[in-house]
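Residue numbers (the working numbering): 1 to 415.
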C-alpha cells in the first residue's frame, strides 16, 4: 500500500521569513545551526499554512520493523531497517584523509589502479567497513527522510546549505582560499560539503519527526531539570553595595611625629562615626576624608559599585563579613585593617541565590528537548547497528570492491 505524501509549498515569502527566524535558534549542547535547519525543513514539510496532520518520519510500526532481520536484495545492496544501502552510498562519503578533496570512490579507484586485486581487497576492505559502520545511521535516516519528503524539499535544502557554506567561510575570516584549504584538510570540497550538510539535516529531521510525537514536558520534569541545571547555569552570586570612608594611615597628618599612624587613623574614624550618628552626611565626609585613598573616585561620595563580595581584593576583603552582619542603611566602623581605618554604610545586600524558573524556563525546556533528541538518536543508532549486524555485510563489501576494481582496471581490448 502506497503511503500518502505530504503536500509541500515553498513559495510563500512568509514561510521563508519563519525559516530565517528559526535559524536564529537558542544554543544547545549539540549543533545549534543544524537544529535550526531541521526546524526549517519541518516547516516546509507540513506545508505553508496547511492544517492537515503530518505523519512523522518514524512511526511506531517502523520502529518495530527495525528489529527484524535485514535481508540483502542484491549483491551490491544490503537492507538495513527497511532502507536499501548501495555501494554508491558508501562511495559518496568523504574519505577524510586530510590530504585530498576527492570522493571516497575516487580514492579507492586510485588505490585499485596501483595494486593487484588481492592487495586492493586487503587495503580497501577495512576502510569500507569503517565507512559503512560510521555512517550507516545517517544513510538510513537520510534515505527515510528523503523518501517521505520527496524532491520538492530540494529548494529549501539548497538555501540552507548555501547559508551553512557562507557561515563556514565567515568562520575562516571571510577568506575563500582559507575556507577551501580547511575543507581540503577535512577531505571535502564545496560540493561534498553541501551534500554532507543536506544528509545531516535530513537524517536529523527523521529523528526530530519521531520526537514530535513525544509526550509534552510536564511541570515535574521541568522542576527536576531546573534543579539539576541551577548550580551550573542559574546561580546568582551574592551582592553588596556600600559607601566607604577609607582613612589611609600612611597619609594622615600626625600632630606628633612619634604618634602611631594606625592609632591616629582609628581615633579619626571614631570621631567621624560620632558625627555621622549625630546626623552629618556620610557622602560629604567620604569626599573629605577618603580623598587620599588609593581607590577613591572623586565625586562618588564613597559609593562603590554593586559587586560580589567574594570579588573584593585586599585590604577591602575584610568588608564582606562586616557587611554580612548588618542591615541596609546601618553603619559599621571603625574597621581596622593593616594601613587603613574603614567606616562602612550598607546600601544594598542580596544573598546568593538562583535565577527564578520564570526567567529561565525556555532554557530548561531546550535542555529537556536536547536530552530527548540525543536519547532518540542513541536509540535509533543502536537499533540500526543491531540490524546491520544481521546483514551480510562481508559479502556486500566484497562485491562492492570487486566491482569497483574491475571498473578501474578494464581488460585491454582484444586485437
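C-beta: ideal position from N, C-alpha, C; glycine also.
Cβ-based neighbour list, residue i, same chain, cut-off 7 angstroms, excluding 5 preceding and 5 following
i	result
residue 333	269, 273, 342, 343 and 344
residue 355	234 and 236
residue 293	246 and 248
residue 176	169
residue 124	108, 111 and 401
residue 179	168, 169 and 172
residue 106	none
Buried or exposed by the 16-neighbour rule on C-beta atoms within 10 Å, applied to residue i
i	result
residue 191	exposed
residue 219	exposed
residue 235	exposed
residue 325	exposed
residue 284	exposed
residue 203	buried
residue 170	exposed
residue 421	Because the chain here runs from 1 to 415, residue 421 falls outside it and cannot be looked at.
residue 256	exposed
residue 246	buried
residue 199	buried
residue 143	buried
residue 131	buried
residue 116	exposed
residue 108	buried
residue 138	buried
residue 340	buried
residue 311	exposed
residue 258	exposed
residue 136	buried
residue 162	exposed
residue 164	buried
residue 389	exposed
residue 158	exposed
residue 407	exposed
residue 412	exposed
residue 147	exposed
residue 286	buried
Strand pairing of residue i, partner residues [DSSP]
i	result
residue 337	340
residue 450	Nothing about residue 450 can be read from this structure; the chain reaches only from 1 to 415.
residue 354	235
residue 346	242
residue 247	341
residue 303	243
residue 368	Residue 368 pairs with nothing; no bridge assigned.
residue 331	345
Of the residues the options, the one placed nearest residue i, counting alpha carbons only
i	options	result
residue 239	134, 402, 319 and 387	319
residue 309	301, 321, 303 and 302	321
residue 167	193, 187, 294 and 142	193
residue 360	317, 232 and 348	232
residue 351	400, 181 and 323	323
residue 337	389, 347, 313 and 402	313
residue 215	412, 372, 330 and 391	372
residue 267	278, 253, 279 and 84	253
residue 349	362, 162, 296 and 330	330
residue 79	396, 303, 379 and 408	396
residue 114	405, 412, 413 and 411	405
residue 91	178, 317, 182 and 403	403
residue 398	89, 185 and 120	120
residue 426	135, 300 and 277	The requested residue 426 does not occur in the structure, where the chain is confined to residues 1 to 415.
residue 133	386, 347, 156 and 353	386
residue 346	335, 328 and 362	328
residue 276	315, 244 and 222	244
residue 377	208, 412 and 221	208
residue 353	89, 230 and 127	230
residue 183	156, 126, 217 and 103	103
Chain-order list of residues whose beta-carbon lies under 8 angstroms from that of residue i (same chain, five-residue window excluded)
i	result
residue 305	241
residue 129	393 and 397
residue 222	357, 361, 364, 365 and 368
Check: residue i C-beta below 7 angstroms from any heavy atom of the ligand FAD
i	result
residue 371	With respect to the ligand FAD, the structure offers nothing, as it holds no ligand at all.
Proximal residues to residue i (C-beta, below 6 angstroms), its chain only, five neighbours per side dropped
i	result
residue 481	What the structure shows of the chain is the stretch from 1 to 415, and residue 481 is not part of that stretch, so it cannot be assessed.
residue 87	76 and 400
residue 282	243, 276 and 345
residue 140	80, 81, 83 and 384
residue 303	243
Proximity test, Cβ basis, 8 angstroms: residue i and chain D
i	result
residue 292	Within the model displayed, chain D is absent; a lone protein chain is all it includes.
Extract the residue ranges of the alpha helix (DSSP H) inside the stretch 109-193, only unbroken runs of 4 or more that lie entirely within it. DSSP runs (the alpha helix (DSSP H)) wholly in the stretch 109-193: 117-149, 154-171 and 176-185.
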